[in-house]
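> Residue numbers (the working numbering), protein chains in the order written: chain S, 8 to 332; chain F, 8 to 332; chain A, -1 to 386; chain X, -1 to 386.
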Amino acid sequence: MSQMNLLQAINNALMTAMEKDDKVVCFGEDVGHFGGVFRATSHLQEKFGRARCFNTPLTEQGIIGFANGLASQGHKAIAEIQFGDYIFPAFDQIVNETAKFRYRSGNEFNVGGLTIRTPYGGGIRGGHYHSQSPEAYFAHTPGLKIVVPRNPHQAKGLLLASIRDDNPVIFFEPKRLYRAAVGDVPEEDYELPIGVAETVREGQDCTLLAWGAQMEVASKAAERAEKEGIDCEVIDLRSILPWDVDAVVASVKKTGRLVVTHEAPLTNGFGAEIAATVQEQAFLHLEAPVNRVCGLDVPYPLSHEAEYMPDETKVFEAIVATMNY
Amino acid sequence: MSQMNLLQAINNALMTAMEKDDKVVCFGEDVGHFGGVFRATSHLQEKFGRARCFNTPLTEQGIIGFANGLASQGHKAIAEIQFGDYIFPAFDQIVNETAKFRYRSGNEFNVGGLTIRTPYGGGIRGGHYHSQSPEAYFAHTPGLKIVVPRNPHQAKGLLLASIRDDNPVIFFEPKRLYRAAVGDVPEEDYELPIGVAETVREGQDCTLLAWGAQMEVASKAAERAEKEGIDCEVIDLRSILPWDVDAVVASVKKTGRLVVTHEAPLTNGFGAEIAATVQEQAFLHLEAPVNRVCGLDVPYPLSHEAEYMPDETKVFEAIVATMNY
Amino acid sequence: MSKSIHKPGFVLGDALDIPTFKVLKQDGTLYKGAQEPEFDKEMALKLYDDLVFIRVLDERMVGAQRQGRIPFYLASLGEEAASVGSAGALKPQDMIFAQYREQGALRHRGFSVDQFMDQCFSNERDLGKGRQMPIHYGSKELNYNTISSPLGTQIPQAAGYAYGQKLDGLDACTICYFGEGAASEGDFHAGLNMAAVLKCPTIFLCRNNGYAISTPSAEQFSGDGVASRGIGYGIATLRVDGNDLLAVYAATAAARAYALEHNAPVLIEAMSYRLGAHSTSDDPTGYRSKDEEAQWAKKDPILRYKHWLTNKGWWSDEQEKTLYAEHRANILAAMKAAEKRPVPTIDHLITDVYDEPTPHLRQQLKQLKAHMRKYPDQYPKTSGRLDA
Amino acid sequence: MSKSIHKPGFVLGDALDIPTFKVLKQDGTLYKGAQEPEFDKEMALKLYDDLVFIRVLDERMVGAQRQGRIPFYLASLGEEAASVGSAGALKPQDMIFAQYREQGALRHRGFSVDQFMDQCFSNERDLGKGRQMPIHYGSKELNYNTISSPLGTQIPQAAGYAYGQKLDGLDACTICYFGEGAASEGDFHAGLNMAAVLKCPTIFLCRNNGYAISTPSAEQFSGDGVASRGIGYGIATLRVDGNDLLAVYAATAAARAYALEHNAPVLIEAMSYRLGAHSTSDDPTGYRSKDEEAQWAKKDPILRYKHWLTNKGWWSDEQEKTLYAEHRANILAAMKAAEKRPVPTIDHLITDVYDEPTPHLRQQLKQLKAHMRKYPDQYPKTSGRLDA
Ligand SMILES: Cc1ncc(C[n+]2csc(CCOP(=O)(O)OP(=O)(O)O)c2C)c(N)n1
Ligand SMILES: Cc1ncc(C[n+]2csc(CCOP(=O)(O)OP(=O)(O)O)c2C)c(N)n1
Ligand SMILES: [Mg+2]
Ligand SMILES: [Mg+2]
């Protein structure tokens, strides 16, 4: 075990993956010698050479197109998109190509070896284009897996699992926690399962569901609720696609209540899918509607960031409202 | 009044818009002299000249980028994307630029004059890339409006409204109905309101909600249900963004039940948003969970198209299941 | 940046005037100074066989679409030499990324008449499991990456694939075909630039056939074709007469050698003309003249090549007749057989979305099957074999 | 396609060797054969004022960021001549689409020191209503389209904007600035090709400053810079010494005349060097040498221009001192004032998403306000003015 922050855990996972498997290759804007603008790929080029860790030209559609080709050739391609906000030029390559490569070819070819890493999320005074949480844009796309860690331990274990999973994975890294989240991380190689939620706090009254950086907010809201005598169960979804319906529904059947929170705007965010599924599968158990605490339906703002964000007090109020419904 | 098919109605709307306003300009792949691969832009170049109706090079990101610039300059830009499946290379220009142009500049600049027309949907033996219904990918994006007509009368009235609306609109045209849907269309200029749903059939037992080509399926399922003594209320949403929450919720409060159907895959489709909102706003009125009848969570298939599609029998069965819940 | 000037002067768009490489005249004789290709008679006849097969196939399949037997088809009439000639100069281990009009390259690799038919009829023997429209072929065995409809997407993919081949130290490169229309996509720019900077052994072969559906190349770009862009990326570039199989062959052979020797991409622009409609959904009378078509029909690449074969004494009218007759018979027989084969079972609606169907997908399939049992007539293609 | 060759020969990446246009030597004298610019003393001094203002502004704002007063800043140190010189050659009615390092052009247009500050401090007077990070300026009045962070997106937009100007018959064109890194984006390809084919009067000005964050241009492209690509699109192209204000001015003046006369785009590649960090989030010691920086520091564009002014007898040390002192004082005063102004009221969280807030957004705002009333301390910037 060592103490690592989230960035170090990611760097450690990349090191581990590259050491163990010659086929692992890392690339993206500034990821080479410089080690990436956040330094997630520090020392990889030094250790594994320019052929396996390199800068690309500044073109996200090219990076993912190149990665699709490289993965279909048999390499484990780890492509970095410098900010989640800049993943959209690659949207066609991801949604029309990555996601459909195996299906459309009858598995003659696939890009199962591809992992796309990208920092996401707000709270860093980044405004429109350094703050977005784009997971829901991809959640409507069969063929992709989507994973979001909340702490260093998860980051390493889930990233290693993503790299080795024989399906393309988008790995969203909560950049607000890059240096802020610090914790024990095993030095050795380990994987955490994709598609399995983690219950981080058991409770009887209300289920709270989140992922990534928003888990911190959810947990604090649960503590605040506890002071008011409300016993929350807090679940970290960890994977958006596939997502752990069974775990969430089981919890809601127990508590009768669900509050979901994410940073992205409310409308058609992934909270919508969760609410839609839960109201269907736990209909007779729900004591109150599934309550979504999300960003407002506006582009991510700078000077009103605090007001836009689904913070602890908003989640707490939603818990109370749900209890009192 | 004349009899027109859906394509003719669109062509007629474009003619009307271009005649009335010099600032209206139409462009896209093959839309010039040839009049578009579906002939929606027939005779526009002939009538209004090459400067106002023209072919572009084959680049969707360029088409929308160009359109954003032209609209911000003060023209009414109508950009065609040849198939909805090919809108993704323009995703960044739409989601990061079009949608945020006004907000990010404090309305110093805006692209309110932009309308993006694109054929969408399945049922034409088109496989993965000539069948998709991508509306949900855009529904998570504040700043956009999204409109889908179901018949020639709507097509003309909603397209004219979209062109003149001072916000960017994506106008999805149900290509399966291009020639199949025929109806009376006024020769004169008229607009139908954006953001307002239309109740096409009143009923007491169960609300059925759809848009575009899927309205046909919903209406047939309602007829079938009627034979079983189930009285459905059928609503055409018409606009996905903004959507008419009040009309839908009012109907559900009356019937106590909702079946939503769309062609796109289930997970995080726009049905998810509808279910999430309705369970929240009509919680105490719901006699059964909101039931979503959608495409399966797979890329759009060719030889299993019939099985994939949310057809009349599937919607009918969902109505029955909802009644018997 | 070597030179300086002290008055503002523009370098104009015509600064490059890239010549066209030609070997064979239309009468089958060689241009002065041109060389015979390096292949022997057997290869020469194999290439001719490929050309004729594709021409017959295209003709029959366009007919089959008219009869409503398949939903769609796309012919390569007039452009056969570009794909057959280039594929001929490659090695079997080289990967092919095609656009959609390169059935000639696939045929050359050995895709069988049955395989063509099974794909076009979306039956259970289609390697793609009936999921894509006709002509979206692919074969792992033949190193032919499955075709995808969105234009240009294969271009950066081909760069990435070639990079992987280089990393693996293989004696193999990647060829990437695309039309002059597709070359307007952003992915073209990304792919060529990345291949140049990352030193990927990729042969980019642009089929410039004058049109992208109805859009003539004059409305597609203003530069000197697609070739002139190669120079901007620092890529070795060659323009070739695409209707001249010998020239295409020699150009591709040179490109392959260059790509592998320098670990670098090459761009070839093959000048040709789409003699038929864009696809069975298209009617070119709306956008070009019969006269223009007639001019190009005179430059038929198959006829030109046949003249050469005949001049060499390798081909006779007798052989010609037999060859066409044989291909026609084989294609018809294969068509009939393919048409009768059922579509894949409904289980394949959910396979290959992921490496293994997720529980969620299994659940969706289960519900679907239950529904199909109730309404079997609604799903005639698959409901008879729900438990297959 | 005029010429034919009969042996396969590649045109190599170095086929074009585009020269660099230079007027002024570092000592402020002119190259032989070079011409004085067309502007008078007043204009010459105005341009110098712009250069110095920007240099002082950048220095102060980088400092302000270090002190935590603003979250972000991005300087144009070493590249001031490229944006000031080009903007100087334009007319006020010409539209500017900038990347983010062209504060010089904006200053030249007349953006006031207060306006710079209000934007950087995201206060209620920011024209962008405090929604974007510092340096994302924009002004309708000054024909400066608001900056957007995603790279390259402004390139096709500039083509479309210019097309609209042409349709309206205006005596106006559009200039579009971007870095050599951004030129790798697909939008670059789309924008330049569309501008060429659709004949848009657009000046594409690439600031090639050697780096895209840490990535040197050698890892960005292999061709002869960005200029060589222009030829491929059939665009008149010119490379200029970006540290030579007189050359940039003359090049842009020529480009404007060409664009409007021919209704056609022009590409200018301005060669320069980013002397400072990419932004306040960056530290260049991780990717380049002090020595390299020192080499370029010697080519300071402001100093070079000052030498010219001095040689002409238009500038003195005295004036120099006053100018710097004045700008420093003004900037400091404006900063203090801007810092004190509140952010926009919370109502502006939902304005400008659409032309009018939708009922749905009004509802979200109403709920938010109710919440803020309950937890005012949580939202100190706005909760005091909920009913403003
Ligand atoms: C991204 C994308 N946009 C549009 C289309 C529709 N489309 C199919 S073929 C075609 C023209 C392609 O022309 P070109 O690349 O020159 O190839 P050719 O058909 O001439 O062989 C178009 C516009 C598509 N398949 N993909
Ligand atoms: C689409 C997109 N990808 C990545 C980034 C992150 N980014 C910001 S600036 C920059 C480098 C730009 O380099 P260049 O275009 O050469 O301009 P310069 O900074 O040198 O002036 C990068 C990669 C971005 N803003 N947008
Ligand atoms: Mg073509
Ligand atoms: Mg740069």
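For every residue, glycine included, the Cβ atom is placed at its ideal position computed from N, Cα and C.
1. Considering only the beta carbon of each residue, do ARG302/A and MET269/A sit closer than 8 Å?
2. With a cut-off of 8 Å, does the C-beta of GLN380/X fall near any C-beta of chain S?
3. Thinking C-alpha only, which one of GLY76/F, ASN174/F and GLU87/F is nearest GLY189/X?
4. State the DSSP-derived secondary structure class of VAL207/S, mapped to helix, strand or coil.
5. Could you check which residue in LEU347/X, PRO355/X, ALA210/X and GLN101/X has the C-alpha nearest to that of GLU36/S?
6. Going along the chain, which residues put their C-beta within less than 6 Å of some heavy atom in ligand 4?
7. What are the residues of the stretch 345 to 362 of chain X that lie near chain F, defined by any Cβ-Cβ distance shorter than 7 Å?
8. Report buried or exposed for ALA168/F, applying the criterion of at least 16 other Cβ atoms within 10 angstroms of its Cβ.
9. Compare the beta carbon distance of ALA194/X and CYS174/X with 8 Å and say whether it is the shorter of the two.
10. Rounded to a whole number of angstroms, what is the C-alpha to C-alpha distance between THR66/S and HIS260/A?
11. Can you tell me whether MET(-1)/X is helix, strand or coil according to DSSP?
12. When you compare only the Cα positions, how much space is there between TYR322/X and GLU183/X?
13. Taking 7 Å as the limit between beta carbons, can you name the residues of its chain near LEU14/A, skipping five residues before and five after?
14. Cα separation between ILE101/S and ILE71/S?
15. Check the Cβ of TYR29/X against every Cβ in chain A and list those closer than 8 Å, keeping chain order.
16. For a test of your reading of the model: does the CB of GLU104/F fall under 7 Å from any non-hydrogen atom of ligand 2? Yes or no.
17. Using a cut-off of 9 Å between C-beta atoms, extract the partners of LEU14/X located in chain A.
18. Hey, out of LEU359/A, ARG360/A, LYS338/A and GLN376/A, whose CA is closest to ASP124/A's CA?
19. Which residue wins for smallest C-alpha separation from VAL264/A, given the options ALA181/A, ALA253/A and PRO154/A?
20. Chain S beta carbons: is any one of them nearer than 8 Å to that of TYR110/F?
21. What whole-angstrom Cβ distance do GLY102/X and GLU139/X have, given they're in contact under 8 Å?
22. Can you determine whether any heavy atom of ligand 1 sits closer than 7 Å to the C-beta of PRO148/A, and answer yes or no?
23. Which residues in chain F sit within 7 Å of ASN121/X, going by Cβ to Cβ distance?
24. Contact check, VAL118/F vs LYS152/F under 8 Å by CB: the rounded distance?
25. So what does DSSP say about LEU384/X, is it helix, strand or coil?
26. What three-state label does DSSP hand PRO214/A in the structure shown?
27. Report the residues of the stretch 89 to 113 of chain S with a CB closer than 9 Å to any CB of chain A, ordered along the chain.
28. Spatial neighbours of MET(-1)/A within its chain, please: C-beta separation below 7 Å, excluding the five flanking residues on both sides.
29. On the premise that VAL300/S lies in contact with ALA282/S, defined as a C-beta separation below 8 Å, what is that separation, rounded to the nearest angstrom?
30. Can you check which of these residues, LYS107/S, GLN221/S, SER138/S and LEU184/S, is closest to THR320/S by C-alpha distance?
31. With respect to 7 Å, is the separation between the Cβ of LEU273/X and the closest non-hydrogen atom of ligand 2 below this value?
32. Under 7 Å from any heavy atom of ligand 2, does the C-beta of HIS311/S make it?
33. Please classify LEU273/S: does DSSP put it in a helix, a strand, or coil?
34. With distance defined between alpha-carbon atoms, name the residue in ARG383/X, THR172/X, SER137/X and HIS276/X nearest to GLN113/X.
35. State yes or no: is the C-beta of TYR307/F nearer than 7 Å to some heavy atom of ligand 1?
A quick look at the data gives this:
1. As a first step, residue 302/A must be located in the third sequence, where it is residue number 304. As a first step, residue 269/A must be located in the third sequence, where it is residue number 271. Not in contact: ARG302/A and MET269/A (Cβ atoms no closer than 8 Å).
2. As a working mapping, residue 380/X is identified with position 382 in the fourth sequence. Reading the sequence as shown, one finds Thr at residue 380/X and not Gln. Closer than 8 Å to some Cβ of chain S, the Cβ of THR380/X qualifies, so yes.
3. In the fourth sequence, counting from the first residue as 1, residue 189/X sits at position 191. Nearest option by C-alpha distance: GLY76/F.
4. For the purposes of this step, residue 207/S is taken as the residue at position 200 of the first sequence. Note: VAL207/S maps to strand in three-state DSSP.
5. Taking the first residue of the first sequence as 1, we reach residue 36/S at position 29. Of the listed residues, the one whose Cα sits closest to GLU36/S is ALA210/X.
6. GLY177/X, GLU178/X, GLY179/X, ASN207/X, TYR209/X and ALA210/X
7. ASP350, VAL351, TYR352, ASP353, THR356 and HIS358
8. Locating residue 168/F in the second sequence gives position 161, where the first residue counts as 1. ALA168/F comes out buried.
9. Here residue 194/X refers to the residue found at position 196 when the fourth sequence is read from its first residue. Here residue 174/X refers to the residue found at position 176 when the fourth sequence is read from its first residue. Cβ distance not < 8 Å, so ALA194/X and CYS174/X don't count as in contact.
10. In the first sequence, residue 66/S corresponds to position 59, counting from 1. In the third sequence, residue 260/A corresponds to position 262, counting from 1. Cα to Cα, THR66/S sits roughly 24 Å from HIS260/A.
11. Residue mapping note: residue -1/X aligns to position 1 of the fourth sequence, counting from 1. Only weak support exists for where MET(-1)/X lies, its pLDDT of 46 falling under 50; the value from the coordinates is given anyway. It is coil, neither helix nor strand.
12. Walking along the fourth sequence from the start, residue 322/X turns up at place 324. Walking along the fourth sequence from the start, residue 183/X turns up at place 185. Each residue's Cα considered, the two are about 39 Å apart.
13. Start at 1 with the first residue of the third sequence, and residue 14/A comes out as number 16. These residues qualify, in order along the chain: ASP222, SER226 and ILE229.
14. Indexing the first sequence from 1 puts residue 101/S at position 94. Indexing the first sequence from 1 puts residue 71/S at position 64. Taking the straight line from one Cα to the other gives about 7 Å.
15. Within the fourth sequence, numbered from 1, the residue matching residue 29/X stands at position 31. Within 8 Å Cβ-Cβ: SER2 and HIS4.
16. Taking the first residue of the second sequence as 1, we reach residue 104/F at position 97. Not so, every heavy atom of ligand 2 lies at least 7 Å from the Cβ.
17. For the purposes of this step, residue 14/X is taken as residue 16 along the fourth sequence, with counting starting at 1. The answer, in chain order, is VAL9, ALA13, LEU14, ILE229 and GLY230.
18. Here the question's residue 124/A lines up with position 126 in the third sequence. Of LEU359/A, ARG360/A, LYS338/A and GLN376/A, the residue nearest in Cα terms is LYS338/A.
19. Here residue 264/A refers to the residue found at position 266 when the third sequence is read from its first residue. Residue ALA253/A is the option with its Cα nearest to VAL264/A.
20. For the purposes of this step, residue 110/F is identified with residue 103 of the second sequence, where counting begins at 1. TYR110/F counts as touching chain S.
21. As a position in the fourth sequence, residue 102/X is number 104, starting the count at 1. As a position in the fourth sequence, residue 139/X is number 141, starting the count at 1. In fact, because the Cβ distance is near 18 Å, the residues do not count as touching under 8 Å.
22. To locate residue 148/A, count along the third sequence from 1; it is residue 150. Indeed, a heavy atom of ligand 1 lies less than 7 Å from the Cβ.
23. Taking the fourth sequence and counting its residues from 1, one reaches residue 121/X at position 123. By Cβ distance, chain F contributes nothing, its closest Cβ being about 12 Å from ASN121/X, past 7 Å.
24. Within the second sequence, numbered from 1, the residue matching residue 118/F stands at position 111. Within the second sequence, numbered from 1, the residue matching residue 152/F stands at position 145. Incorrect: roughly 12 Å between the Cβ atoms, too far for contact.
25. Locating residue 384/X in the fourth sequence gives position 386, counting from the first residue. Residue state, collapsed to three classes: coil.
26. Position 216 of the third sequence holds residue 214/A. In this structure, PRO214/A counts as strand in the three-state DSSP scheme.
27. PRO96, ASP99, GLN100, ASN103, GLU104, ALA106, LYS107, PHE108, ARG109, TYR110, ARG111, SER112 and GLY113
28. Here residue -1/A refers to the residue found at position 1 when the third sequence is read from its first residue. Low confidence applies here, because MET(-1)/A scores a pLDDT of 46, under 50, leaving its location unreliable; read the following figure in that light. None.
29. As a position in the first sequence, residue 282/S is number 275, starting the count at 1. As a position in the first sequence, residue 300/S is number 293, starting the count at 1. 12 Å between Cβ atoms; not a contact.
30. Start at 1 with the first residue of the first sequence, and residue 320/S comes out as number 313. Nearest C-alpha to THR320/S: GLN221/S.
31. Counting from one through the fourth sequence, the residue named residue 273/X turns up at place 275. No, the Cβ of LEU273/X stays beyond 7 Å of every heavy atom of ligand 2.
32. Here residue 311/S refers to the residue found at position 304 of the first sequence. No, ligand 2 has no heavy atom inside 7 Å of this Cβ.
33. Numbered from its first residue, the first sequence carries residue 273/S at position 266. If DSSP states are grouped into helix, strand and coil, LEU273/S belongs with coil.
34. The sequence position of residue 113/X within the fourth sequence is 115, counting from 1. Ranking ARG383/X, THR172/X, SER137/X and HIS276/X by Cα distance to GLN113/X puts SER137/X first.
35. One-based indexing of the second sequence puts residue 307/F at position 300. No.
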